[in-house]
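Novice: Quick one: this structure, given as structure tokens, is what I'll be asking you about.
Protein chains: 2
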Amino acid sequence: MKGMNRSIARENTRLELSRHAARLFLERGVADTSGDDIAAAAGVATRTLWRHFRSKESAVEPLFAHSSLRFADILRRWPRDVAIEELFHASLGPDKMAPQDLADDILVVKLLARLPEEPALRSAWLMSCHIGEEQLIEIIAERLDRPKGDFDVRLCAATVMAAIRIVDETVSLAAVKYGLKTTTAEVNEHLAQAVRKAATLPFCDPVTPRIWPGEQRAPASA
Amino acid sequence: MKGMNRSIARENTRLELSRHAARLFLERGVADTSGDDIAAAAGVATRTLWRHFRSKESAVEPLFAHSSLRFADILRRWPRDVAIEELFHASLGPDKMAPQDLADDILVVKLLARLPEEPALRSAWLMSCHIGEEQLIEIIAERLDRPKGDFDVRLCAATVMAAIRIVDETVSLAAVKYGLKTTTAEVNEHLAQAVRKAATLPFCDPVTPRIWPGEQRAPASA
DNA sequence: TCACATATGTCACTTAGTGACATTTAATAT
DNA sequence: ATATTAAATGTCACTAAGTGACATATGTGA
Chain D
1 MKGMNRSIAR ENTRLELSRH AARLFLERGV ADTSGDDIAA AAGVATRTLW
51 RHFRSKESAV EPLFAHSSLR FADILRRWPR DVAIEELFHA SLGPDKMAPQ
101 DLADDILVVK LLARLPEEPA LRSAWLMSCH IGEEQLIEII AERLDRPKGD
151 FDVRLCAATV MAAIRIVDET VSLAAVKYGL KTTTAEVNEH LAQAVRKAAT
201 LPFCDPVTPR IWPGEQRAPA SA
Chain L
1001 MKGMNRSIAR ENTRLELSRH AARLFLERGV ADTSGDDIAA AAGVATRTLW
1051 RHFRSKESAV EPLFAHSSLR FADILRRWPR DVAIEELFHA SLGPDKMAPQ
1101 DLADDILVVK LLARLPEEPA LRSAWLMSCH IGEEQLIEII AERLDRPKGD
1151 FDVRLCAATV MAAIRIVDET VSLAAVKYGL KTTTAEVNEH LAQAVRKAAT
1201 LPFCDPVTPR IWPGEQRAPA SA
């Protein structure tokens, strides 16, 4: 438990650098933004930037990761007796997040709208989706009481992540390029439907609890 | 129809460079292979390498793309009245391809087995899967007589591509790391099952022909 | 054979990214 | 409080990745 504050601080630094990188990429494009530019904007030495990222393109990954991590957290808290539509309705929406997180998501949406023109961003985005997929494996395995190495769990995680990715890309492009205003309820509905269709295992509906009524529940501990 | 031979020649050059890049990446790892090394191995000037690829990692993409292109070609020839299992049984297998294509696929399998250790390769692989996904969109739209821009078609293409990717990764890792010998029939079965589970639209089974019996079929032309 | 387009080679150059070592920062023990 | 220590950052020289500009092939069509 010693170096934990350290690693959180490190993540914050990366995230902060990531925000500056995203902003500059959006303003001038990836090609016209140098590592020096990003470092200067964030007020750190160039060397520090390269300590945190292997390439300038990967500098946007923490921003993507942060979004998908918050989403994963919601899924992790998902009570076993609620359907996915209820979960999304109860936990997803601009009014349910911190202002900073909302600003981050807006940045993400703008970045996703640029994927067709910026292959470098797509590469970072796909890598982030891969991370998300691995988180999904754990979440689905947990919810369905299956082993994490199970092929069917991995398959389901991959198809569900693909659905989330397509909805994110589609909604972002529609919003930024075509100015389509979609309500939170509509997006949630859209997302839930897509995940339902994509899922190869029945984890979207209430699942049987691990402990049946009448059984003794062990005290919660790490 | 003028520059067609040219562009084919260009693709061959890229593919040839790609094979050398893949071999070197496998032998020494990505980090210990320089652009100069790849160019020297292929017998071209370093400048030529950078004319064909934006980064040394992306130099393996044509190899991945070539595999997925041959797969896409099989799907494009897919008669409307056969199920996916029959198609795979009839067209997939080492005995059904040219020796060079087989060698390429072996290289691909070895590369996929390295994904856990080589994030740079994963990035190239995911980008190739994205190309494959776009081809799948056309194939599925064609087979189901739906527009290519249809959201449900895109969703289906994404989930199916995810399934193919997971099977490829799993089979490759099992074969290379754990020496598991799987028969062609087993892999085909595995692949067909995964695609079936993943598909969000019913394109795996025979579909109704565009022209019903008794109707006049227009002469085939581009 | 000429004209033209495209691929490649050569070389100087810029930008991306690393190694080595000094300095700062912050958590913990005393 | 202060010493101790580990991790983050800064500085600077360096290697490797990638580009621009221009010359030279190489094939293609009239």
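Heads up: the sequence lines are chains D and L, in that order.
Counting from 1, one number per residue, gives the positions in the first sequence under the working numbering.
Counting from 1001, one number per residue, gives the positions in the second sequence under the working numbering.
We treat Cβ as the ideally placed atom computed from N, Cα and C, and that holds for glycine.
Just so it is clear, the structure is predicted and the values come from calculations on it, not from any experiment.
1) Identify the contact partners of residue 1051 (chain L) in chain D, using a Cβ-Cβ distance below 9 Å as the criterion.
2) Buried or exposed: where does residue 1106 (chain L) fall if 16 or more other Cβ atoms within 10 Å of its Cβ makes it buried?
3) Who are the Cβ neighbours of residue 1222 (chain L) in its own chain at under 8 Å, not counting the five residues just before and after it?
4) Mind listing the chain L neighbours of residue 177 (chain D)? Cutoff is C-beta to C-beta under 8 Å, in chain order.
5) Which ranges does the alpha helix (DSSP H) cover as unbroken runs of at least 4 residues, wholly within the region 1042-1066 of chain L, from first to last along the chain?
6) Taking any Cβ of chain D, which residues in the region 1136-1159 of chain L have a Cβ under 7 Å from it, in chain order?
7) Any C-beta of chain D within less than 7 Å: which residues of the region 1189-1200 of chain L qualify?
8) How many Å lie between residue 1074 (chain L) and residue 81 (chain D) at the Cα?
9) For a test of the three-state rule: what should DSSP assign to residue 1 (chain D), helix, strand or coil?
10) Where do the ends of the alpha helix (DSSP H) carrying residue 176 (chain D) lie?
11) Tell me the rounded alpha-carbon separation between residue 131 (chain D) and residue 1119 (chain L).
12) Whose CA, out of L:1198, L:1068 and L:1168, lies closest to the CA of residue 1184 (chain L)?
13) I'd like to know if residue 59 (chain D) contacts chain L, where contact means its C-beta is closer than 8 Å to some C-beta of that chain.
14) Would you mind telling me which residues of chain L sit closer than 8 Å to residue 122 (chain D), beta carbon to beta carbon, in chain order?
15) For the alpha helix (DSSP H) that residue 29 (chain D) lies in, which residues bound it at each end?
16) In the structure shown, what three-state DSSP assignment does residue 1222 (chain L) receive?
17) Would DSSP call residue 181 (chain D) helix, strand or coil?
18) Whose C-beta lies closer than 8 Å to the C-beta of residue 1137 (chain L) among residues of the same chain, with five residues either side of it excluded?
19) Helix, strand or coil for residue 1015 (chain L) per DSSP?
20) My assumption, with CB atoms under 8 Å, is that residue 1175 (chain L) sits in contact with residue 200 (chain D). Please give the rounded CB distance.
21) State buried or exposed for residue 53 (chain D), treating a residue as buried only when at least 16 other CB atoms are found within 10 Å of its CB.
22) Report back the beta-carbon spacing between residue 1206 (chain L) and residue 1072 (chain L) to the nearest angstrom; my notes put them in contact at under 8 Å.
23) From the beta carbon of residue 1183 (chain L), is the nearest beta carbon of chain D less than 8 Å away?
24) Going straight from the alpha carbon of residue 995 (chain L) to that of residue 1061 (chain L), what length do you get?
25) Against chain D, does residue 1170 (chain L) count as a neighbour if the rule is that its beta carbon must be under 8 Å from one of theirs?
26) By the DSSP assignment, the alpha helix (DSSP H) with residue 1116 (chain L) in it spans what residues?
27) Counting only Cβ pairs nearer than 7 Å, list the residues of chain L close to residue 263 (chain D).
28) Compare the beta carbon distance of residue 8 (chain D) and residue 20 (chain D) with 8 Å and say whether it is the shorter of the two.
29) Would you tell me roughly how many angstroms separate the C-alpha atoms of residue 127 (chain D) and residue 1104 (chain L), rounded to the nearest one?
30) Just to confirm, are residue 162 (chain D) and residue 1159 (chain L) a CB contact at a threshold of 8 Å?
31) Taking the straight line between their C-alpha atoms, what separation do you get for residue 1143 (chain L) and residue 1209 (chain L)?
32) Apart from the five residues on each side of it in sequence, which residues of its chain come closer than 8 Å, Cβ to Cβ, to residue 1036 (chain L)?
33) For residue 68 (chain D), which residues of its own chain have a beta-carbon under 8 Å away from its beta-carbon, when the five flanking residues on both sides are left out?
34) Among L:1032, L:1014 and L:1064, whose alpha-carbon lies nearest the alpha-carbon of residue 1044 (chain L)?
35) Comparing alpha-carbon positions, which option in L:1146, L:1204 and L:1111 lies nearest residue 1026 (chain L)?
36) Below 7 Å between beta carbons is the criterion; list the residues of the region 1008-1039 of chain L that meet it against any residue of chain D, in chain order.
Specialist: For this structure:
1) Those within 9 Å of residue 1051 (chain L) in chain D number zero; the least Cβ separation is about 17 Å.
2) exposed
3) Model confidence at residue 1222 (chain L) stands at a pLDDT of 36, short of 50, so the residue's coordinates are unreliable; what they give is reported in the following sentence. The answer is none, since no qualifying residue turns up.
4) Near residue 177 (chain D) there are no residues of chain L at all, since even the closest Cβ is about 14 Å away, more than 8 Å.
5) 1046-1052
6) 1151, 1154, 1155, 1158 and 1159
7) 1194, 1197, 1198 and 1200
8) 44 Å
9) Confidence at residue 1 (chain D) is low in this model, with a pLDDT of 45, below 50, so its placement is unreliable and the value that follows should be read with caution. Residue 1 (chain D) falls in the coil class under three-state DSSP.
10) 151-178
11) 12 Å
12) L:1168
13) no
14) 1127 and 1130
15) From DSSP, residue 29 (chain D) is part of no alpha helix (DSSP H); its letter is neither H nor E.
16) Here residue 1222 (chain L) scores only 36 on pLDDT, less than 50, and its place in the model should not be relied on; the value that follows carries that caveat. Reduced to three states, the DSSP call for residue 1222 (chain L) is coil.
17) coil
18) 1148, 1153, 1154 and 1157
19) helix
20) About 23 Å; that fails the 8 Å criterion.
21) buried
22) Wrong, their Cβ atoms sit about 20 Å apart, outside the cutoff.
23) no
24) Limits of chain L in this structure are 1001 at one end and 1222 at the other, which puts residue 995 (chain L) out of reach.
25) yes
26) Residue 1116 (chain L) -> no alpha helix (DSSP H), and no H or E assigned at all.
27) Any answer about residue 263 (chain D) is impossible in this case: the structure gives chain D only from 1 up to 222.
28) no
29) 25 Å
30) yes
31) 9 Å
32) 1046
33) 128, 129, 131, 132 and 135
34) L:1014
35) L:1111
36) none
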